[in-house]
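End of the sequence shown = 515 in numbering that gives the first Met the number 0, gap-free, step of one.
Yeah, the Cβ is synthetic: ideal placement off N, Cα and C, and Gly gets one too.
Below is one structure; the comments refer to it alone.
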Amino acid sequence: MQHSTSEKTRVDPSNPETIPKFVDELPIPAIAKPNRMVNEKYPYYAIEMKEAKHQFHKFFPETTIWGYNGMYPGPTFHVKKDETIKVKWMNRLPSQHLLPIDRTLHGTSHSPDVRTVVHVHGAHVAPDSDGHPDAWFTRNFKIRGETFKQKVYEYTNHQMGATLWYHDHALGITRLNVYSGLVGFYLIRDPLEEELQLPSSEYEIPLMIQDKSFNADGSLFYPENTNPPAEVNPSVVPAFIGDTIVVNGKVWPFLKVEPRKYRFRLVNASNTNGYTLKFENDHPFYQIATDGGLLSEPVKLNSLALEPAERADIIVDFSTLNGQSLILKNSNDEGDLGFIMQFRVVLPLSEKDMSKIPSSLCSDEPLTEEMATKTRLLTVGATIDQYNRPMLLLDHRMWDDPVTETPSLNSVEIWKFINTTPFAHPIHVHLVQFKILHRRPFNLDRFLEDGYIQYTGPAIEPNDNEKGWKDTVRADPGMVTSIIMRFENFTGDYVWHCHILEHEDYDMMRPMKVIE
Ligand code: C2O
Ligand code: CU
Ligand code: CU
Numbered sequence: 000m001q002h003s004t005s006e007k008t009r010v011d012p013s014n015p016e017t018i019p020k021f022v023d024e025l026p027i028p029a030i031a032k033p034n035r036m037v038n039e040k041y042p043y044y045a046i047e048m049k050e051a052k053h054q055f056h057k058f059f060p061e062t063t064i065w066g067y068n069g070m071y072p073g074p075t076f077h078v079k080k081d082e083t084i085k086v087k088w089m090n091r092l093p094s095q096h097l098l099p100i101d102r103t104l105h106g107t108s109h110s111p112d113v114r115t116v117v118h119v120h121g122a123h124v125a126p127d128s129d130g131h132p133d134a135w136f137t138r139n140f141k142i143r144g145e146t147f148k149q150k151v152y153e154y155t156n157h158q159m160g161a162t163l164w165y166h167d168h169a170l171g172i173t174r175l176n177v178y179s180g181l182v183g184f185y186l187i188r189d190p191l192e193e194e195l196q197l198p199s200s201e202y203e204i205p206l207m208i209q210d211k212s213f214n215a216d217g218s219l220f221y222p223e224n225t226n227p228p229a230e231v232n233p234s235v236v237p238a239f240i241g242d243t244i245v246v247n248g249k250v251w252p253f254l255k256v257e258p259r260k261y262r263f264r265l266v267n268a269s270n271t272n273g274y275t276l277k278f279e280n281d282h283p284f285y286q287i288a289t290d291g292g293l294l295s296e297p298v299k300l301n302s303l304a305l306e307p308a309e310r311a312d313i314i315v316d317f318s319t320l321n322g323q324s325l326i327l328k329n330s331n332d333e334g335d336l337g338f339i340m341q342f343r344v345v346l347p348l349s350e351k352d353m354s355k356i357p358s359s360l361c362s363d364e365p366l367t368e369e370m371a372t373k374t375r376l377l378t379v380g381a382t383i384d385q386y387n388r389p390m391l392l393l394d395h396r397m398w399d400d401p402v403t404e405t406p407s408l409n410s411v412e413i414w415k416f417i418n419t420t421p422f423a424h425p426i427h428v429h430l431v432q433f434k435i436l437h438r439r440p441f442n443l444d445r446f447l448e449d450g451y452i453q454y455t456g457p458a459i460e461p462n463d464n465e466k467g468w469k470d471t472v473r474a475d476p477g478m479v480t481s482i483i484m485r486f487e488n489f490t491g492d493y494v495w496h497c498h499i500l501e502h503e504d505y506d507m508m509r510p511m512k513v514i515e
């Protein structure tokens, strides 16, 4: 495709109608390289968070972003199951934030504006390496939050092979730090997966989906206040949805593929937006893994819903589409956000495709309701703050209230999320991978009146592609969503929260302490 200079001058980054789609090739994030070995045993990585320039689109001016090693997305970690690595996450960011800070939120009134802490989402790690929201640090570790313990994090990777991702988690500004670009992939490889002959190497591609808005000069746009404006300024917004789709750092990119099978590792790394992914012409695909690793068997799909922080590994077979192009769409949206990216089946087949979609993937030990020693009823709700803004809460409590979720080591618990709001919330629990038991409709009016859960229909099983290990679950409105999990190996302070980042920051996050 040829683009004239006049086309370039017509592009206004703040107006999605002027932005041509599918003109940039999909970038594949670089692989993180260990700097050295510790005691000849542990790969040691030093990663710097830096301000940098980034080209979001061929016809945009450069955009200032924050990135791990100055890259957006950051470098991809490839680690082996059960192999320990150490990472020193370093803050080399400037002292001024890129985006407007609301100083009324938890943790923001007396702390430096630019502070960071890194969380590997989905990781089974010790609390001091989990990236607790109060374990933040400023440039060169100069100022540190209350729960800061150590500069070098240790990841033992003692869990299934899975598509994890890492992102910033600093208290009260997570939404801003993530939106600025502090995100990356963390892939755990299980040598057993190789025997399955899934599409691999250049046929295994991570796709990180985010939505962004830009100012006319190409800088990142993030709202300073709500509409109508709240009396505090800047103010957190109850939801933020951008007006463009960015995949691996490019606005509406394309990827050239061979007529064969590919494995895509999908992450929804958006602040608020959920997607229902669907190929043009309803081209089918197979989901093989959820947040925490392989499903027991592949699930054939025509569409796939991904809420913020959810992941899915899928296999797409392009072999019948030689010479064609195929758009990956988002059926939740009729406008520009209805387009994710384009696949062009234009590369010659380099060798016979020997990869497989195995009929069974992994055997699974079930968690059953009888194993649980504790059931927690947790309300997902909303209230109004002193400035008349909506404030979302878990269990009617704020982040700063004393810890109430204190599971015992090695116990199995059931948590029931009772959603009293009119929209879905992706609820995430640190440390564990859980199973979804079911979702069950209940009488909301009755519940709001006297707190009694009167079910109004039978329990609904999770979809087949939600039956694997999860760390984030969609809690639907009007439903009680039940999950079951075991707390293993580590005790100490963790968190659980809604993964809509505007909710997490205000005030849908709670401490969780695993006790002996
Ligand atoms: Cu993806 Cu507590 O985070
Ligand atoms: Cu997490
Ligand atoms: Cu929420």
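*Shortest alpha-carbon distance to A45 belongs to which of M484, R91, M397 and N301?*
R91
*Shell residues, 7 Å Cβ cut-off relative to heavy atoms of ligand 1*: H118, H120, H166, H168, A308, H427, H429, V494, H496 and H498
*Taking P510 as part of the beta strand (DSSP E), name the residues at either end of that continuous run.*
M508 to V513
_Just to confirm before moving on: does the CB-CB distance between G217 and T62 stay below 7 Å?_
In this structure, the beta-carbon distance from G217 to T62 falls below 7 Å.
*Taking 6 Å as the cut-off, does the CB of H395 come closer than this to any heavy atom belonging to ligand 3?*
no
*Report yes if the CB atom of K255 is closer than 7 Å to the CB atom of L346, and no otherwise.*
yes
*To the nearest angstrom, report how far apart Y505 and T107 are at their CA atoms.*
11 Å
*If you follow the beta strand (DSSP E) that E50 is part of, which residue opens it and which one closes it?*
Y41 to H53
*Say the cut is 6 Å; is the CB of H424 nearer than that to a heavy atom of ligand 3?*
Flag set: Cβ of H424 near ligand 3.
*Nearest to I287 by CA position, among K299, D281 and K277, is which residue?*
K299
*Can you list the beta strand (DSSP E) stretches of 3 or more residues lying completely in the segment 298-347, in chain order?*
302-305, 310-316, 324-329 and 338-344
*Got a sec, what are the start and stop residues for the alpha helix (DSSP H) E193 sits in?*
Note, E193: alpha helix (DSSP H), P190 to E193.
*Taking 6 Å as the cut-off, does the CB of M340 come closer than this to any heavy atom belonging to ligand 3?*
no
_Exposure label - H502; buried when at least 16 CB within 10 Å_ = buried
*Residue burial classification, M0 (beta-carbon count within 10 angstroms, cutoff 16)*: With a pLDDT of only 48 at M0, under 50, the local geometry of the prediction cannot be trusted, and the value read off the model is given with reservation. Exposed is the call here.
*Thinking T289 and K80 are a contact (beta carbons under 8 Å), I'd like their distance in whole angstroms, please.*
Contact doesn't hold; Cβ gap of about 16 Å is too wide.
*If you draw a straight line from the C-alpha of D475 to the C-alpha of I426, how long is it?*
10 Å
*Given that a residue counts as buried once 16 or more other Cβ atoms are within 10 Å of its Cβ, and exposed if not, what is P12?*
Answer is buried; the Cβ neighbour count reaches 16.
*Would you check if the segment 149-165 and the segment 262-277 touch, i.e. whether three or more CB-CB distances between them fall below 8 Å?*
Result yes; three or more Cβ-Cβ pairs closer than 8 Å.
*Report the option in P258, R485 and G73 whose CA atom is closest to the CA atom of M353.*
P258
*asked:* In whole angstroms, give me the CA-to-CA distance for E401 and H105.
replied: The question names Glu, yet the displayed sequence has Pro at residue 401. When rounded, the distance between both Cα atoms is 14 Å.
_From G66, D23, A169 and Y274, residue whose alpha carbon lies closest to that of F59_ = Of the candidates G66, D23, A169 and Y274, the one whose C-alpha sits nearest the C-alpha of F59 is D23.
*asked:* I'd like to confirm the pairing. Which residues does DSSP put opposite K284 in its beta bridges?
replied: A small correction: the amino acid at residue 284 is Phe; Lys does not occupy that position in the sequence shown. The partner list for F284 (beta bridge, DSSP) reads L300.
*asked:* Give the list of continuous alpha helix (DSSP H) stretches no shorter than 4 residues that lie fully inside the segment 175-258.
replied: 190-193
_Could you compute how far the alpha carbon of L294 sits from the alpha carbon of L360?_
6 Å
*Inter-stretch contact at 8 Å, needing at least 3 Cβ pairs: the segment 413-433 / the segment 479-487*: yes
*Give the straight-line distance between the Cα atoms of M36 and L408, rounded to the nearest whole angstrom.*
32 Å
_Can you check which of these residues, N387, H424 and R388, is closest to T378 by C-alpha distance?_
Ranked by Cα distance from T378, the options N387, H424 and R388 are led by H424.
*Under 7 Å between the Cβ atoms of K328 and K277?*
Yes, the Cβ-Cβ distance between K328 and K277 is below 7 Å.
*Indicate the three-state DSSP secondary structure (helix, strand or coil) for D492 in the structure shown.*
strand
*May I ask you to check if the CB of M507 is nearer than 6 Å to at least one heavy atom of ligand 3?*
yes
*In three-state terms, what does DSSP make of T173?*
Three-state result, T173: helix.
*asked:* Can you tell me whether I383 is buried or exposed? The criterion is at least 16 other CB atoms within 10 Å of its CB, across all chains shown.
replied: exposed
*State the start and end residues of the unbroken alpha helix (DSSP H) segment that holds E503.*
L500 to E503
*Since Y274 and L181 are thought to touch, with beta carbons under 8 Å apart, how far apart are those beta carbons, to the nearest angstrom?*
About 21 Å separates the beta carbon of Y274 from that of L181, a gap too long to meet the 8 Å contact definition.
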